[in-house]
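Asks: Okay, here's the structure, questions in a sec.
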Amino acid sequence: MSAPKVQLLLTGNELMTGDIVDSNSAMMAQVLKDIGLGINRKVTVADDLALLVNEITYMASTSDILIINGGLGPTVDDLTAQALALVIGEQLNQHAQAYTHLINWCKQRGVELNAPNLKQAMLPKTCQIIA
Numbered sequence: 071m072s073a074p075k076v077q078l079l080l081t082g083n084e085l086m087t088g089d090i091v092d093s094n095s096a097m098m099a100q101v102l103k104d105i106g107l108g109i110n111r112k113v114t115v116a117d118d119l120a121l122l123v124n125e126i127t128y129m130a131s132t133s134d135i136l137i138i139n140g141g142l143g144p145t146v147d148d149l150t151a152q153a154l155a156l157v158i159g160e161q162l163n164q165h166a167q168a169y170t171h172l173i174n175w176c177k178q179r180g181v182e183l184n185a186p187n188l189k190q191a192m193l194p195k196t197c198q199i200i201a
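Start counting at 1 in the sequence shown, then tack on 70, and there's your number in the working numbering.
If you want it as structure tokens, here you go:
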């Protein structure tokens, strides 16, 4: 039995410009290594819906496990959920677990639960939160 093909998709203009150094993939690689998995492909793309849709489509067809990191925040350039919904043919819905987590997060930090923040709870219907 061969090892599963694990691919990692990172998204964010800030990663493309070097404004932010990617430390998440190093941490994820170590966690995966600790459980006997390795990453065989890692791609970073800008905050662009068409690029994300194309890369998710390709990577989903060439991997056993696809991990997407980034693009789930409250700003207009956070497009991961929308791209994934397009790829799998689902609408975005308010995800109960994500909504509850978001309410608690905002309360703990004294942050207003406004429309941009609520965007973070909008996920494809069949999404499962693993973190």
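Yeah, the Cβ is synthetic: ideal placement off N, Cα and C, and Gly gets one too.
How would you label residue 89, buried or exposed, when you count the other beta carbons within 10 angstroms and need 16 or more for buried?
Replies: The residue labelled residue 89 in the question sits at position 19 within the sequence shown. By the beta-carbon neighbour count (other beta carbons within 10 angstroms, threshold 16), residue 89 is exposed.
Asks: Would you call residue 24 buried or exposed, if buried means 16 or more other Cβ atoms sit within 10 Å of its Cβ?
Replies: The structure shown does not extend to residue 24, since the chain is modelled only from 71 through 201, so no value can be given for it.
Asks: For residue 83, does the three-state DSSP call read helix, strand or coil?
Replies: Within the sequence shown, numbered from 1, the residue matching residue 83 stands at position 13. Three-state DSSP puts residue 83 in a helix.
Asks: Please report how far the alpha carbon of residue 166 lies from the alpha carbon of residue 151, in whole angstroms.
Replies: Position 96 of the sequence shown, counting from 1, holds the residue named residue 166. Position 81 of the sequence shown, counting from 1, holds the residue named residue 151. Computed Cα separation, rounded: 15 Å.
Asks: Would residue 119 and residue 149 qualify as a contact pair, given that the criterion is a beta-carbon distance under 8 Å?
Replies: Counting from one through the sequence shown, the residue named residue 119 turns up at place 49. Counting from one through the sequence shown, the residue named residue 149 turns up at place 79. Their beta carbons are under 8 Å apart, which means residue 119 touches residue 149 by this criterion.
Asks: Please report the residue range of the alpha helix (DSSP H) in which residue 126 lies.
Replies: The sequence position of residue 126 within the sequence shown is 56, counting from 1. Its alpha helix (DSSP H) spans residues 119-132.
Asks: Starting from residue 94, trace the alpha helix (DSSP H) in both directions and tell me its first and last residue.
Replies: Walking along the sequence shown from the start, residue 94 turns up at place 24. Element bounds for residue 94: 94-104.
Asks: Count the other CB atoms, across all protein chains shown, that sit within 10 Å of the CB of residue 126; report buried if there are 16 or more and exposed otherwise.
Replies: To locate residue 126, count along the sequence shown from 1; it is residue 56. Label assigned to residue 126: buried.
Asks: Since residue 193 and residue 168 are thought to touch, with beta carbons under 8 Å apart, how far apart are those beta carbons, to the nearest angstrom?
Replies: One-based indexing of the sequence shown puts residue 193 at position 123. One-based indexing of the sequence shown puts residue 168 at position 98. Indeed they touch by this definition, with Cβ atoms about 6 Å apart.
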